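Colleague:
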Amino acid sequence: MSWLHSAILLPLAWAGLLPFIGGRLRAFHTGWIVLPIPVLLFIYFCMQLPLIGTQSVMESMAWMPSIGLDFTVYLDGLSLLFALLISGIGGLVVLYSIFYLDKSKEAIVSFYTYLLIFMGAMLGVVLSDNLIVLYGFWELTSISSFLLIAFWHHRDRSQYGAQKSMLITVFGGLAMLAGIILLYVMTGTFSVREMLPQLSQLAADPLIVPALVLILLGAFTKSAQFPFHIWLPDAMEAPTPVSAYLHSATMVKAGLYLVARMTPVFAMQAQWFWLVTGIGLVTLTYGSFQAIKQKDLKAMLAYSTISQLGLIMCLLGLGSAYYTGEAGGEFYAKATAAALFHLLNHAMFKGALFMVVGIVDHETKTRDLRKLGGLMAVMPVTFTLALIGAGSMAGLPPFNGFLSKEMFFTAMLQIRQFELGHLTVWGGLVPVVAWIASVFTFAYSMVLVVRTFGGKLQKDQLDVQPHEASVGLLFSPLILASLVILTGVFPNLLGPSLVEPAMAAIHPLLLADGERFDVHLQFWHGWTTELFMTIGVVAVGTGIVLLYRRLQLHNKTWSDGLNVNQLYDGGLRSLDRFSRQLTDRYMTGSIRRYLVYIFVFFIAALGITLLTAGDIGWTDMELAPASVYETVVVLVMAASALTVPWIRNRIAAILVTGAVGYMVTMLFVLYRAPDLALTQMIVETVSVALFLLCFRYLPKDNLQGNPPRRRWLHAAIAAGAGIVMTAIVIGASGSRAFESISSFFVNESYRLGGGKNMVNVILVDFRGFDTLLEITVLGIASLGIYSMIRLRLAERTGQGGAKEGRLPPVGIPDYRSNDVILKTVSKVVVFIIVAFSLYLFLAGHNNPGGGFIGALMTSAALVLLAIAFGLDVIRKVLPIQFRLLTTAGLLIAVLTGVGSFLFDVPFLSHTFDHFDLPLLGDTELATAVLFDLGVYLSVVGVTMTIILTIGKEEDR
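Residue numbering for the sequence shown follows UniProt numbering, beginning at 1 and increasing consecutively.
1) Grouping DSSP H, G and I as helix and E and B as strand, with all else coil, what is Met379?
2) Whose C-beta lies closer than 7 Å to the C-beta of Val942 among residues of the same chain, with five residues either side of it excluded?
3) In angstroms with no decimal places, state the Cα-to-Cα distance between Phe852 and Gly870.
4) Secondary structure at Thr441, three-state DSSP: helix, strand or coil?
5) Expressed to the nearest angstrom, what Euclidean distance is found between the alpha-carbon atoms of Ser687 and Val664?
6) Under the rule that 16 or more other beta-carbon atoms within 10 Å means buried, what is Leu4, buried or exposed?
7) Contact defined as beta carbons within less than 8 Å: I believe Gly120 pairs with Ala15. What is the distance between those atoms, to the nearest angstrom?
8) If Ala347 and Ile591 are in contact, beta carbons under 8 Å, what's the gap, nearest whole angstrom?
9) Looking only at its chain, what residues have a beta carbon closer than 6 Å to the beta carbon of Thr30, apart from the 5 residues adjacent to it on each side?
10) Leaving out five residues on either side along the sequence, give the residues of the same chain with a beta carbon under 6 Å from the beta carbon of Gln843.
11) My understanding is that Leu521 touches Pro491, with C-beta atoms under 8 Å, so please give their C-beta distance in whole angstroms.
12) Roughly how many angstroms lie between the CA atoms of Met446 and Leu196, to the nearest whole one?
13) Which residue's Cα is closest to the Cα of Ile603: Val863, Val929, Met725?
14) Between which two residues does the alpha helix (DSSP H) holding Ser743 run?
15) To the nearest angstrom, how far is it from the Cα of Ser248 to the Cα of His154?
16) Quick test of your reading: Val830 and Leu865, contact by CB under 8 Å. State the CB separation rounded to the nearest angstrom.
17) In this structure, how does DSSP classify Ser60 when only helix, strand and coil are distinguished?
18) Buried or exposed for Ser627, please, with buried defined as at least 16 other CB atoms from any protein chain shown within 10 angstroms of its CB.
19) Which parts of the region 296–325 are runs of the alpha helix (DSSP H), unbroken and 4 residues or longer, counting only runs that do not cross its ends?
20) What does Tyr74 pair with, by DSSP beta-bridge criteria?
21) For a quick check, are the C-beta atoms of Ala857 and Leu840 less than 7 Å apart?
22) Between which residues of its own chain and Ile168 is the CB-CB distance below 6 Å, once the five residues before and five after are set aside?
23) Sorted by chain position, which residues of the same chain lie with C-beta nearer than 8 Å to Thr410's C-beta, five sequence neighbours on each side aside?
24) In this structure, does DSSP put Ala888 in helix, strand or coil?
25) Rounded to the nearest angstrom, what separates Leu902 and Met251 at their Cα positions?
26) If you draw a straight line from the alpha carbon of Arg516 to that of Ser404, how long is it in whole angstroms?
27) Under a Cβ-count criterion, where at least 16 other Cβ atoms within 10 Å of its own Cβ denotes burial, should Cys314 be classed as buried or exposed?
28) In terms of alpha-carbon separation, which member of Ile132, Val537, Ser66 lies closest to Thr72?
29) Would you decide whether Thr441 is buried or exposed? Buried here means 16 or more other CB atoms lie within 10 Å of its CB.
30) Go ahead and pull the three-state DSSP assignment for Leu182.
31) How many whole angstroms separate the CB atoms of Tyr44 and Ala7, which I take to be in contact at a CB cut-off of 8 Å?
32) When the distance is taken between beta carbons, is Val761 closer than 7 Å to Gly755?
33) Where Lys103 and Leu148 are concerned, what is the direct C-alpha to C-alpha distance, given to the nearest angstrom?
34) If Ser482 sits next to Met393, beta carbons under 8 Å apart, how far is it from one beta carbon to the other, in whole angstroms?
35) Tell me, which residues are paired with Gly921 by DSSP?
36) Would a C-beta distance cut-off of 7 Å place Met122 and Phe146 closer than the cut-off?
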């Protein structure tokens, strides 16, 4: 595993450990044990600056090479710039959080766990070269940001904001996934690096435009571009450290990163230029206009963020114009340099402003502009920091925002030189629109400072006496404000080290070997048009601020009319109403009806497919002769199955159904499949026990109570399902499009997997990923059953008048047997079964058995113990939480797979060797046993969780 891989996995691994160690260290704030992670990452990435100035670094780790899915990380100028932002701002946010969040009142362990997950996911996004891996981290940012925004989940607005951000960004993520798949169809690779040599082929492919639009949907939703911007203001319900991190330097910048990274792939398409530039310009204008109307400081910063993101997106679009042939000279370089430089500047001043607003909220207990004012006298340091941040955002010298705004004006003016055909007139309007947006940017920046810190202190409007914040709260914004001034006065500190390598990464095809972009930044360019535009911005913006104050616009109630938020809320309500109406039509509570829907769809879908598939080899099947034993077993099985519908007693029906399963077991024995026979036998045994536990919940009606018409309908459905399934089996046996893979398993199970039991080697080695997903699904199902029954018991307790929020102990029904012989025999037999199950587990790699079978056998022993002595005995004999046992098993299985990365081999790779052990002699040891242990623990945990939970519910 390389250092770059470790940089991504370190915060994720620390997030996994934090819940176990954070709660034990209550003497000090959990943030202090989190802070070293971003600091170490920032130092590591700073050490890469000299190297990335001349070359890039790529490290690959095999994951699923057979489908072209490798964990490949790529560090170039662009990814390094974002990595520095993620780790640097992340460190300052963690430090700020230590003094902002009260450890005695907040769930700080959860907070830092979510924050570390988000940090690792963002690093995964910007460092991944494989687009599928990037998509995985992309969605992880959506999930972790959802948890962070909903951190104060007891607030309705927090829940609403988290849900909105999740729905919109995940929608964009799914669209992006579709675009990635289209790119793979066109290029045959998921690697961005490998796509670049195929640009000429891509440009002529008809799928390129749909892929382009889908990729941009992902970028626009994540970076809050109009009309997908609506989630960002509501996300301000998160704690201020979250806003400072997610919405200034990380999450909202992910969409900008995606556009920058995919520019070489799509920029030859004119649609890319128009969509990125146009949407960015609209977002810039809309956000700046909306920001000045806000009464809440964080809401104002939210819309200002939307506006600034639109500005950067617009510049990235202009920077791609070179590829379309619509720009000449060095225009593309200037626009891209402006985008990257402003991206850095925005992270600095917006992070500082969010922290300043958090300080104001922390010290005054309000963010309402109507209640604030006069804080300059009591919070002079905070005022100074706000003035620096707002001055940079407004584009005033000597702050860094002035430089990037001048570069933005340059790009807007040069757009007039484009050859746009009949759309040439729009080239002259673009600078005007950009200037108007800049006027409003200046205005809301000044309103933020003047309304908060100027005027008189309104003590009667505040619940507390405001005072200056502590040094701990001021330190992080002080660092960012200092960087705003430093990069403004000495802008070329960032040009050669960060901006130039990032430009080379965005435009790799425009540089010959040894060439580099030359980015030289300076304040004075003479009396240029850009300078006069800035003077005009200040003059008109000052007039708007004075008018704002004179007309008391901060007290005005603005009428939004029909807006995107209303369309979102209305659409969500309509979708919910439609889904409820549709669901009520088929979700009637009748399991019988659900089965009818499932089997009818099964018959229709597969039956039509079989009829239209043509010749599938039904007549080419070679049948083996059937022995007398096989014939008898099949006849008994068929007779048992046909008997079930005619049985009037439910217990008898359950037992006869079990007999069908045991006959299947006999067939496996006759076909010399001991593993399958053991599994089937134990599954049937445990299933019968589960049936009996659920028996009393079945409706109290006669089994033969259905009307004749319904009986014939059910008979027709059953016959149809049986006929279709039989036809599928015959067709599959009679025609093979590929050579059977069974010979591969027979020949390679021992050589590659180290096991003579081919079935077990397939489960834990060749198809280990399938097994991992299966036990994960089982674990989720068991937790679902547990949760549903707990909720049902809680509802009953609430109706019974118990104290809300507390669930009294639930009695366990006495299902114990009165059979003395059963009790006596089970005391001995249980130990024999458990010992046999351990043998099956340990011997399963070379003999019949394995973790799955051994776990089922152990569960069967516990079921026998429960039947003989009652369920309560299980808890006394084994005082463990079986849910935790399931979790431990899943964790062992996953860690076994992840451990493969330490040896630079694909996920879930196994190895084996022979060792000369004391007493045992020559012994084969295989890492697959560790994975099998995870399977064993998971299956025991799942089975017993379900049995004990169902048996625990008692009618009250």
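Just so you know, even glycine gets a beta-carbon here, dropped at the ideal spot from N, CA and C. Computed from a prediction, not measured in an experiment: that's the story for all the values here.
Modeller: On the basis of the data shown:
1) coil
2) Leu778, Gly779, Ser782, Thr886
3) 25 Å
4) helix
5) 14 Å
6) buried
7) 7 Å
8) No, Ala347 and Ile591 are not in contact; Cβ-Cβ is about 55 Å, not under 8 Å.
9) Gly22, Ile108, Val109, Tyr112
10) For the sequence presented, residue 843 should be read as Ala rather than Gln. Cβ within range, chain order: Gly849.
11) 4 Å
12) 45 Å
13) Met725
14) 742–753
15) 25 Å
16) 5 Å
17) strand
18) exposed
19) 297–319, 321–324
20) Met58
21) Looking at the sequence provided, one finds Met at residue 857 rather than Ala. Yes, the Cβ-Cβ distance between Met857 and Leu840 is below 7 Å.
22) Thr221, Phe228, Trp231
23) Lys334, Ala338, Glu530
24) helix
25) 29 Å
26) 21 Å
27) buried
28) Ile132
29) buried
30) helix
31) 6 Å
32) yes
33) 16 Å
34) That pair is no contact at about 16 Å.
35) Leu917
36) no
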